[in-house]
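All you need for our numbering is the position in the sequence shown, starting with 1, plus 2. To keep things clear, I will list the structure first and then write my remarks on it.
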Amino acid sequence: MDKKVILQRLGILLAYPLAYAYVRLVFNFDDISKMGISILDGSMTIAVTYPVFAILFIIVNELIRRSRRGVMSRPSKETVFWYIMTILAGLTSTIGPELELSVFAMHLCGVYSVLVSNGLLLGGKTSGFIPADLIHGFYVKSFAGFPNFVIDWKCFKKPKNDEDAPAVPKKNFLGAVIFVVVMIILLMISVSLMASIDEDLSLIFNDAFNFLADYLTELELYEIIPRLIFAIPVCFYLYGLMSRSAKSDGGKEKRFASWLTGFMGKGKTASATIVYIAAGVFVLAYILFFVKRLAYMMGGFVGDVPDGMLVSHYAREGFFELVGIMAVNMCVYLAIILFGKTDQGGKFSLPAKILVTLLMAESIIFAVIAMSKLGLYYSIYGYTPKRILAMWATLALGFAAGLTIFTVHRGKPHFRAGVIFTSISYIAICILSGVLAAIGA
3 MDKKVILQRL GILLAYPLAY AYVRLVFNFD DISKMGISIL DGSMTIAVTY
53 PVFAILFIIV NELIRRSRRG VMSRPSKETV FWYIMTILAG LTSTIGPELE
103 LSVFAMHLCG VYSVLVSNGL LLGGKTSGFI PADLIHGFYV KSFAGFPNFV
153 IDWKCFKKPK NDEDAPAVPK KNFLGAVIFV VVMIILLMIS VSLMASIDED
203 LSLIFNDAFN FLADYLTELE LYEIIPRLIF AIPVCFYLYG LMSRSAKSDG
253 GKEKRFASWL TGFMGKGKTA SATIVYIAAG VFVLAYILFF VKRLAYMMGG
303 FVGDVPDGML VSHYAREGFF ELVGIMAVNM CVYLAIILFG KTDQGGKFSL
353 PAKILVTLLM AESIIFAVIA MSKLGLYYSI YGYTPKRILA MWATLALGFA
403 AGLTIFTVHR GKPHFRAGVI FTSISYIAIC ILSGVLAAIG A
């Protein structure tokens, strides 16, 4: 039998167990998150259910992908990276600052890894199209591939016999099921009759029957049956994502990316003068803000808190606002490149470079000030998961601002580096969070 057919059959057969495992995770979110292995003298528990599911997801995707693209089609380095990130996101679901955030990250990495493994990214690689890539995976590929789970069952059909070959009777699946059911009933009747003659056999039969009855009671069928039913559409969804992606040659994605690039280019309707004025207003506003509040904001570096103010209030005051301003600045940059006619030959003009550089430099200063506030708060009140999560968000935005400066001066996007840094730093912060919680920091 062709190895491709074997892989395709395995992918189909494992699709429903994968879907059921996913539904099991969703229905028992809190209980399953506690199941894991203990390390560091039992003070830290790492959940094993999520990474096991991630590994099963990767296996099924590889079976389906190789059944379409060749048995020896090895995953690329980029694919391996996102596979590892999917597993690690699941692995850190218990020890991370937020369980829900880690599980959401596992979803993002899982769907993205399917697209990467089949070479279906709109930009050809990780790029600024990543939001469109994720929408493409979560909705377009998945729902468009819904019928594939039914269509692909044709791989179980045997090839037609030659006309000269003797006809082989067709196997009837329904007949086989009926035969097995009849045999089980007859076996139970036979064992029951023998048990009425032999006391030892009767005790064994009764014990087995009681054990089966207790087991069925403990199974809580009222929970299992809804999961079995709900796993059907989930199976169609997951298999549709993988199968549809594996069948795609990337042609539609390239055409859509070309259209999207052209559409974004047509959106550059704001004149360079308007863009410069708007960006200059932001830059000037931040400079005035720094001049007015410099002494107050620098207190976090030296531990100098204004008179009459609690350290906790000082450390919290303005932190989230500073992070919010950094996010706004990134939106300002995106608005400039989407709507402003500020590029010349594909590169930023000199005024645009200066203004974006100043804007991002101010974002970095905001990040440093926010980190000083967080550090002051942490030094006095200690660790909490939300504080370390806030530290990660600040670090990620500051790093993005630095990459933006490199982008406008070198004329080469560094979006891929930003995504990789954000992913790896999140895993690292989750591990750090678990270690700090385990040692009682």
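By construction, the Cβ of each residue, glycine as well, lies at the ideal position given by its N, Cα and C atoms. Note that the coordinates shown come from a computational prediction; the quantities given were computed from them, not determined experimentally.
*asked:* Which residue marks the beginning of the alpha helix (DSSP H) containing Phe408, and which one marks its end?
replied: Its alpha helix (DSSP H) spans residues 387-412.
*Give the single residue among Ser192, Val182, Lys159, Ile86 whose Cα lies nearest to the Cα of Ser119.*
Closest by alpha carbon: Ile86.
*Nearest to Val437 by CA position, among Met108, Gly98, Ala17, is which residue?*
When only C-alpha atoms are compared, the closest one is Gly98.
*Looking only at its own chain, which residues have a Cβ that is under 6 Å from the Cβ of Val410, when we skip the five neighbours before and after it?*
Phe350, Lys355, Val358
_Proximity of Ala91 and Ser104 at Cβ, strictly below 8 Å_ = Against a cut-off of 8 Å, the Cβ pair of Ser104 and Ala91 comes out as a contact.
*Does the region 336-346 touch the region 386-400, meaning 3 or more C-beta pairs lie closer than 8 Å?*
Contact fails: fewer than three Cβ-Cβ distances are below 8 Å.
*Would you report the Cα separation of Ile279 and Leu360, rounded to the nearest angstrom?*
14 Å
*May I ask which residues mark the beginning and end of the alpha helix (DSSP H) holding Lys343?*
Counting along the chain, Lys343 falls outside any alpha helix (DSSP H), and DSSP gives it neither H nor E.
*Would you mind working out which of Cys237, Gly13, Pro353 sits nearest Ser144, comparing C-alpha positions?*
Cys237
*Distance, Met332 Cα to Ala274 Cα*: Each residue's CA atom was taken as its position, placing Ala274 and Met332 some 19 Å apart.
*Expressed to the nearest angstrom, what Euclidean distance is found between the alpha-carbon atoms of Ile429 and Phe232?*
31 Å
*C-alpha gap between Leu240 and Ser374, whole angstroms*: 44 Å
_Which residues does DSSP list as the beta-bridge partners of Ala272?_
Gly342
*Should Gly130 and Phe417 be called a contact, given that it needs their Cβ atoms to be closer than 8 Å?*
Contact: yes.
*Compare the Cα-Cα distances from Leu7 to each of Phe83, Asp202, Val73 and report the closest residue.*
Looking at the sequence shown, residue 7 is not Leu but Val. The candidate whose alpha carbon is nearest that of Val7 is Val73.
_On the criterion of 16 or more Cβ atoms from any shown chain inside 10 Å, does Asp216 qualify as buried, or is it exposed?_
It is exposed - the Cβ of Asp216 has fewer than 16 other Cβ atoms within 10 Å.
*Taking DSSP as the reference, what is the three-state secondary structure of Thr94?*
coil
*Buried or exposed: Glu255, going by 16 or more other Cβ atoms within 10 Å of its Cβ?*
buried
_Helix, strand or coil for Arg418? Go by DSSP, reduced to three states._
helix
*Mind checking Trp155: buried by the 16 CB within 10 Å criterion, or exposed?*
Exposed is the call here.
*Report all residues from its chain with a CB closer than 7 Å to the CB of Gly282; omit the five preceding and five following residues, and keep chain order.*
Excluding residues within five positions, the ones whose Cβ falls inside 7 Å are Leu357.
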